[in-house]
Amino acid sequence: MSQGVVQVEPLTTARALRGPFDYRRPDGAGVGSVLEVPFGRQRLTAVVTALAADSAHTLADPVRVLPDSLPPDLVDLGLWMAREYASTPARALSLLLPPRGARERVQLWAQRTEDGDAAIAAEAHLHASALRLTGKQGALLASLPRFAGEELASLRRLEARGLVAIGPRARRRAPAHVKLERRRAAPTLNPDQEAALAEILGAGAGEGLLLHGVTGSGKTEVYLRAAAETLRRGRSVLVLVPEIGLTPQMIGRFVGRFGDTVAVLHSKLGAGERYDEWRRLRSGEARVCVGPRSAVFAPMADLGLLVVDEEHDGSYKHEGDPRYDARWVAQRRAAVHGAVLVCGSATPRPESIHELRRVRLPRRVDGAGLPPVEIVDLKAARGPMHPQTFEALVDARKAIVLLNRRGWSNFLTCRSCGRVWQCPQCDVALVLHRHEGTVGCHHCGHREPIPESCPTCGSVSIARHGTGTERLEHELAGLGRPVLRLDADVRDAGRVLEAFARAPSAILVGTQVVAKGHDFPDVDLGVVLDADATLRFPDFRAEERTFALVTQLAGRAGRGGHGRVLVQTIDPSAPAIAFAARHDSDGFLAGELERRAALRYPPFSTLIRIVCAAEAPGAAFAAAAGIQARLPGALGPAPLFRLRGRERAQVVVKASDRRAAIDQVNAAVREVSGSKAHRGVAFGVDVDPQ
Ligand code: ADP
Ligand code: ZN
Ligand code: ZN
Numbered sequence: 159m160s161q162g163v164v165q166v167e168p169l170t171t172a173r174a175l176r177g178p179f180d181y182r183r184p185d186g187a188g189v190g191s192v193l194e195v196p197f198g199r200q201r202l203t204a205v206v207t208a209l210a211a212d213s214a215h216t217l218a219d220p221v222r223v224l225p226d227s228l229p230p231d232l233v234d235l236g237l238w239m240a241r242e243y244a245s246t247p248a249r250a251l252s253l254l255l256p257p258r259g260a261r262e263r264v265q266l267w268a269q270r271t272e273d274g275d276a277a278i279a280a281e282a283h284l285h286a287s288a289l290r291l292t293g294k295q296g297a298l299l300a301s302l303p304r305f306a307g308e309e310l311a312s313l314r315r316l317e318a319r320g321l322v323a324i325g326p327r328a329r330r331r332a333p334a335h336v337k338l339e340r341r342r343a344a345p346t347l348n349p350d351q352e353a354a355l356a357e358i359l360g361a362g363a364g365e366g367l368l369l370h371g372v373t374g375s376g377k378t379e380v381y382l383r384a385a386a387e388t389l390r391r392g393r394s395v396l397v398l399v400p401e402i403g404l405t406p407q408m409i410g411r412f413v414g415r416f417g418d419t420v421a422v423l424h425s426k427l428g429a430g431e432r433y434d435e436w437r438r439l440r441s442g443e444a445r446v447c448v449g450p451r452s453a454v455f456a457p458m459a460d461l462g463l464l465v466v467d468e469e470h471d472g473s474y475k476h477e478g479d480p481r482y483d484a485r486w487v488a489q490r491r492a493a494v495h496g497a498v499l500v501c502g503s504a505t506p507r508p509e510s511i512h513e514l515r516r517v518r519l520p521r522r523v524d525g526a527g528l529p530p531v532e533i534v535d536l537k538a539a540r541g542p543m544h545p546q547t548f549e550a551l552v553d554a555r556k557a558i559v560l561l562n563r564r565g566w567s568n569f570l571t572c573r574s575c576g577r578v579w580q581c582p583q584c585d586v587a588l589v590l591h592r593h594e595g596t597v598g599c600h601h602c603g604h605r606e607p608i609p610e611s612c613p614t615c616g617s618v619s620i621a622r623h624g625t626g627t628e629r630l631e632h633e634l635a636g637l638g639r640p641v642l643r644l645d646a647d648v649r650d651a652g653r654v655l656e657a658f659a660r661a662p663s664a665i666l667v668g669t670q671v672v673a674k675g676h677d678f679p680d681v682d683l684g685v686v687l688d689a690d691a692t693l694r695f696p697d698f699r700a701e702e703r704t705f706a707l708v709t710q711l712a713g714r715a716g717r718g719g720h721g722r723v724l725v726q727t728i729d730p731s732a733p734a735i736a737f738a739a740r741h742d743s744d745g746f747l748a749g750e751l752e753r754r755a756a757l758r759y760p761p762f763s764t765l766i767r768i769v770c771a772a773e774a775p776g777a778a779f780a781a782a783a784g785i786q787a788r789l790p791g792a793l794g795p796a797p798l799f800r801l802r803g804r805e806r807a808q809v810v811v812k813a814s815d816r817r818a819a820i821d822q823v824n825a826a827v828r829e830v831s832g833s834k835a836h837r838g839v840a841f842g843v844d845v846d847p848q
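To get the working numbering, take the position in the sequence shown, counting from 1, and add 158.
Right, here's the structure in full:
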């Protein structure tokens, strides 16, 4: 009687609870099926990860099989991610699930029957009189197939005469956020692009290439050509882009070139749109997918090409559990599918230089050089802006000013007693947001009204320290041209970018987002106001980030061949800044790899960070000490600042054997988190922390 056994992972967030669990196999269920199963007293969604002939357990029946299944290769990818990122299969698989809460929108679809076709042919041969079709009916019949819509009554009459067949059919809700660019003819590739394309098309199965090309060197055009050829070979294409709100141009170009076979997956889609796009990919109707990080899980069969554009971008790292990096997940998928991976950037990760074969696009398509970058020594300046920078802003027509700090000022102090306004939940200072009338925490979202007096001593003299983007916007308004601001406090980034693109003269002020992927033809000045802010960051990637930021901003300025960039710093000799000023990414990357080799940082080791957090005083530190004790050579425990009311402590592992280290960390976390002594402690594991 038995139809066999399904092994499932129930989707729960509990770390301790791990499958697979056996159930009786329902009709039609296979690897990737999504089930609802009885589990203790609950009913849980579960994913079938394997089939078996029989089981040593007493088997229960699943409640039901849910519509839509995952392709089996995505199930494998989920299980791989769980292990690779020291998470659980349940958490990893939850990220891959078919979208829920939406169904297909089914509408009536009308098409001609054979008699209907004959009738049209007869019409054309002027035998219409015999058919007694009115002109309107003839036109309606000729317009088929299509969705019935308002013509349903007329179509029903034709159906009654056997000329038309009407039945239900899914109708796509096309994403509204896609700006449909009109189909454009592809330009003729220049010799550099031809060479790059040939390398990509000739690459072996599973091979990864780094397309290292300055901004405006025509990387996107190379992706488009490689995608066209991949489609022609009958395989599908996945394109990852940094953040969708900021890269509508990229989506527009793919849709413009390939039309409806492009599906777009991103977080701004409504449930219905997302579902339809997912289904179109799953069924193979759409064979190109463009989207941000999470699109790396697009349910596509037979991938032939994966593109990761701006592969250095921080948004590819997922900050929830599992803390996956879409760039690496893409590499894994490429290997599994025997596809080619193309990572593109003007400022690639040192890891990529080390690990991927490099293809170069050394020149801009328009033949323009890169804008000169001048370093402005801030040591002698008073205030956040050097007079030289100010003058340049006065002279510029269109400028972008980057300041990596949002809000009005960084922190407030009492002038009489020295009190610092801090977040009650976190050990960080509150940031003033003047327009909003609040001081707020950038880590937990806590907000309170701007204080009028000091609660400690009663003084009304409160000092505001530092400058953020809001204050800068206000101060630059005196220059007599529109000042636009772009940072995480701005709701509609797209509108700001459009307004800036359209304005004949304006200043765009903002955090790092202003340096990302936008294509403004006429920016003649780029300013990095505080290059030291990123450089000071206590992280081995600080150099890499600073270099990328300055270089990317330079890429925004002077696209038409005019323009300059000013970088303010108190440390003009810092290599990241000096190399960026010379547009010398090879020099920077070589030095950076040397430094990392000497310090044994990635790619010469794998870093794993384990963060323990707990409310009870001392609990997080004790748990971190427990983990450190189980991982010989691990660094720590080191206290981190309190976040959301919880103390935190971390342990860092620097390993040469990645696989073994991940397994050891997994084991240590499982042991410590399972022990009664450390109840109430939350554990987060971050492999390849950013
Ligand atoms: P990147 O992605 O490297 O920044 P793009 O592919 O966006 O560069 O190219 C920059 C601009 O040059 C785009 O407007 C693109 O349409 C155009 N372009 C790219 N390749 C060519 C070419 N071979 N001939 C003419 N124009 C091109
Ligand atoms: Zn005071
Ligand atoms: Zn806080």
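Just so it is clear, CB atoms sit at the ideal spot from N, CA and C, and this is done for glycine as well. None of the values given here were measured: they were computed from a predicted structure.
Remark: the shortest separation between the CB of residue 581 and any heavy atom of ligand 3 falls under 6 Å. Rounded to whole angstroms, residue 387 and residue 743 show a C-alpha spacing of 30 Å. Distances taken from the Cβ of residue 215 to the heavy atoms of ligand 3 include none shorter than 6 Å. By the Cβ-count criterion, residue 392 is exposed, with fewer than 16 other Cβ atoms from all chains shown falling within 10 Å of its own Cβ. For residue 352, the enclosing alpha helix (DSSP H) covers residues 349-360. Assigned with DSSP and collapsed to three states, residue 264 falls in strand. In chain order, 772, 773, 774, 777 place their CB closer than 8 Å to the CB of residue 838, counting only its own chain and leaving out the 5 sequence neighbours on each side. Judged by DSSP in its simplified three-state form, residue 768 adopts strand. Inter-residue distance for residue 209 and residue 220 is about 14 Å (C-alpha atoms, whole angstroms).
Note on residue 681: 16 or more other CB atoms within 10 angstroms of its CB, so buried under the neighbour-count rule. With respect to residue 781, residue 809 sits apart: the two C-beta atoms are not nearer than 7 Å. In this structure the segment 648-656 does not touch the segment 569-577; the number of beta carbon pairs closer than 8 Å is below three. In terms of Cβ geometry, residue 377 and residue 502 form a close pair [threshold 7 Å].
When the beta-carbon positions are compared, residue 668 and residue 626 stay at least 7 Å from each other. As computed with DSSP, residue 409 is found in no beta bridge at all. Within the model, the alpha-carbon separation for residue 805 versus residue 816 is close to 29 Å. DSSP lists 163 as the beta-bridge partner residues of residue 210. Per the C-alpha coordinates, the member of 395, 831, 166, 217 positioned closest to residue 204 is 166.
Note that the C-beta distance between residue 374 and residue 522 is below 7 Å. The secondary-structure analysis by DSSP pairs residue 475 across a beta bridge with 483.
Near ligand 2, meaning a beta-carbon closer than 6 Å to one of its heavy atoms, we find 572, 574, 575, 577, 612, 614, 615, 617.
The residue among 343, 346, 381, 162 with its C-alpha nearest the C-alpha of residue 357 is 381.
In terms of side-chain proximity, the C-beta atom of residue 375 is found nearer than 6 Å to a non-hydrogen atom of ligand 1. Using a Cβ distance threshold of 7 Å, residue 630 and residue 561 count as a contacting pair. The beta strand (DSSP E) runs lying completely inside the segment 575-635 and spanning 3 residues or more are 589-591, 596-598, 605-607, 620-623, given in chain order. Residue pairing by DSSP puts residue 569 in a beta bridge opposite 623.
Using a 10 angstroms sphere on the CB of residue 428, the tally of other CB atoms stays under 16, which defines it as exposed. Apart from sequence neighbours up to five positions away, the residues of its chain that approach residue 479 with a beta-carbon distance below 6 Å are 245, 249, ordered along the chain.
In this structure, the CA atom of residue 822 is about 18 Å from the CA atom of residue 482. Boundaries of the beta strand (DSSP E) around residue 180: 179-182. Leaving aside the five residues that flank residue 161 on each side, the residues in its chain whose CB is nearer than 6 Å to its CB run, in chain order, 183.
Using a cutoff of 6 Å, the CB of residue 431 does not count as near ligand 1, since none of the ligand's heavy atoms is closer than that. Secondary-structure assignment with DSSP links residue 499 through a beta bridge to 366, 464. Partner residues in the beta bridge of residue 328, as assigned by DSSP, are 264.
Restricting attention to 511, 280, 268, the CA atom closest to the CA of residue 367 is found in 511. Secondary structure note for residue 733: its alpha helix (DSSP H) is the uninterrupted segment 733-739.
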